[in-house]
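Data first, discussion second: the structure below is written as structure tokens.
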């Protein structure tokens, strides 16, 4: 049976001497794997242009055991990402994270839109990599089923205040008057700007997701918080994330040292 589906290539690996397996996030079928025959052949192959992070309209032959790519018409290549080592490494982390989340159904459609929008902004330089990383992490894990509760203090319902804290293991926020020893030792103090930004990421429509501003120490704090929350609830590490952070250390050694010296948990 031959089917058509649009999808973005999140991961690829070579098999045998000539073939390649693609991991593709599609709107209709979620995460799938598909085989491209002879893509590494020295002979002219119309599928040789299919590449990592490209968004294609695929024609697939689907058998009982595997999907085979018959054709792939490019919808968006995101080719310029390959010209920037930092952006390309970050895109790799986005792809590995989505593979770990294994989206299906409506979640797949929303996460496909999320990564397409994120890669567009990353490629065009319309938002900083650290901003996009934080927004992508928190929105992706929330769509996948790990959305924290930032509506108000879990105990008294307070919407805002000078002393608001996030408890990542519990996935909720508390005001300073409601904190008890059983809420956990790891907590993040939330400034009004940080609290507002997180609520926007969690609850805004996708079309408005990136339409807010955050910079300076508040953006640094958001980055620390979203990364910790993502690793905590996916219960794993990511090789691509470690690669990205090593590259940052090489590219911006002073900034990384400043980040290490920031007060833990924003207290």
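Residue numbers (our numbering): 2 to 268. We put the beta carbon where it would ideally sit given N, CA and C, even for glycine. Note that this is a predicted model, so its numbers are computed, not measured.
Can you name, in chain order, every residue of its own chain whose Cβ lies under 6 Å from the Cβ of residue i, other than the five neighbours on each side?
i, result
"residue 135", "223, 224 and 227"
"residue 72", "60"
"residue 110", "28"
"residue 168", "184, 185 and 188"
"residue 77", "56"
Apart from the five residues on each side of it in sequence, which residues of its chain come closer than 8 Å, Cβ to Cβ, to residue i?
i, result
"residue 122", "128, 133 and 211"
"residue 170", "185, 187 and 233"
"residue 198", "213, 215, 219 and 223"
"residue 118", "207, 210 and 211"
"residue 203", "139, 140, 143, 148, 149 and 151"
"residue 112", "26, 99, 102, 104, 141, 144 and 145"
"residue 237", "101"
With burial defined as no fewer than 16 other Cβ atoms inside 10 Å of the residue's Cβ, what is the status of residue i: buried or exposed?
i, result
"residue 10", "buried"
"residue 138", "buried"
"residue 186", "exposed"
"residue 152", "exposed"
"residue 250", "exposed"
"residue 157", "exposed"
"residue 50", "exposed"
"residue 181", "exposed"
"residue 261", "The predicted position of residue 261 is uncertain, since its pLDDT is 48 and thus under 50; a value taken from the coordinates is nonetheless stated next. Residue 261 is exposed by the Cβ-count criterion."
"residue 66", "exposed"
"residue 252", "exposed"
"residue 40", "buried"
"residue 1", "With the chain represented from 2 up to 268, any question about residue 1 goes unanswered, as that position is not in the structure."
I believe residue i touches residue j by the beta-carbon criterion, under 8 Å. Please report the beta-carbon distance rounded to the nearest angstrom.
i, j, result
"residue 96", "residue 31", "With a Cβ gap of about 14 Å, residue 96 and residue 31 do not count as contacting."
"residue 103", "residue 68", "Between residue 68 and residue 103 the Cβ distance is about 17 Å, and since that is not below 8 Å, they are no contact."
"residue 61", "residue 70", "6 Å"
"residue 321", "residue 245", "This structure gives no information on residue 321, because the portion of the chain shown stretches from 2 to 268."
"residue 37", "residue 21", "5 Å"
"residue 98", "residue 89", "About 15 Å separates the two Cβ atoms, so there is no contact after all."
"residue 92", "residue 48", "Actually they are not in contact, since the Cβ atoms of residue 92 and residue 48 sit about 21 Å apart, beyond 8 Å."
Anyone know if the C-beta pair for residue i and residue j falls short of 7 Å?
i, j, result
"residue 248", "residue 124", "no"
"residue 27", "residue 8", "yes"
"residue 176", "residue 159", "yes"
"residue 166", "residue 150", "no"
"residue 4", "residue 12", "no"
"residue 6", "residue 59", "yes"
Tell me which residues share the same chain as residue i and place their Cβ nearer than 7 Å to its Cβ, disregarding the 5 neighbours each side in the sequence.
i, result
"residue 161", "193 and 196"
"residue 131", "220 and 224"
"residue 154", "174, 175, 176 and 179"
"residue 242", "94"
"residue 239", "94, 97 and 98"
"residue 108", "144 and 145"
"residue 2", "63"
Can a CB atom of chain E be found closer than 7 Å to the CB of residue i?
i, result
"residue 63", "Within the model displayed, chain E is absent; a lone protein chain is all it includes."
At 4 residues or longer, what runs of the alpha helix (DSSP H) sit wholly inside the stretch 56-138? 86-102 and 106-125
In chain order, which continuous runs of the alpha helix (DSSP H) of length 4 or greater are located wholly inside the stretch 178-242? 193-204 and 217-235
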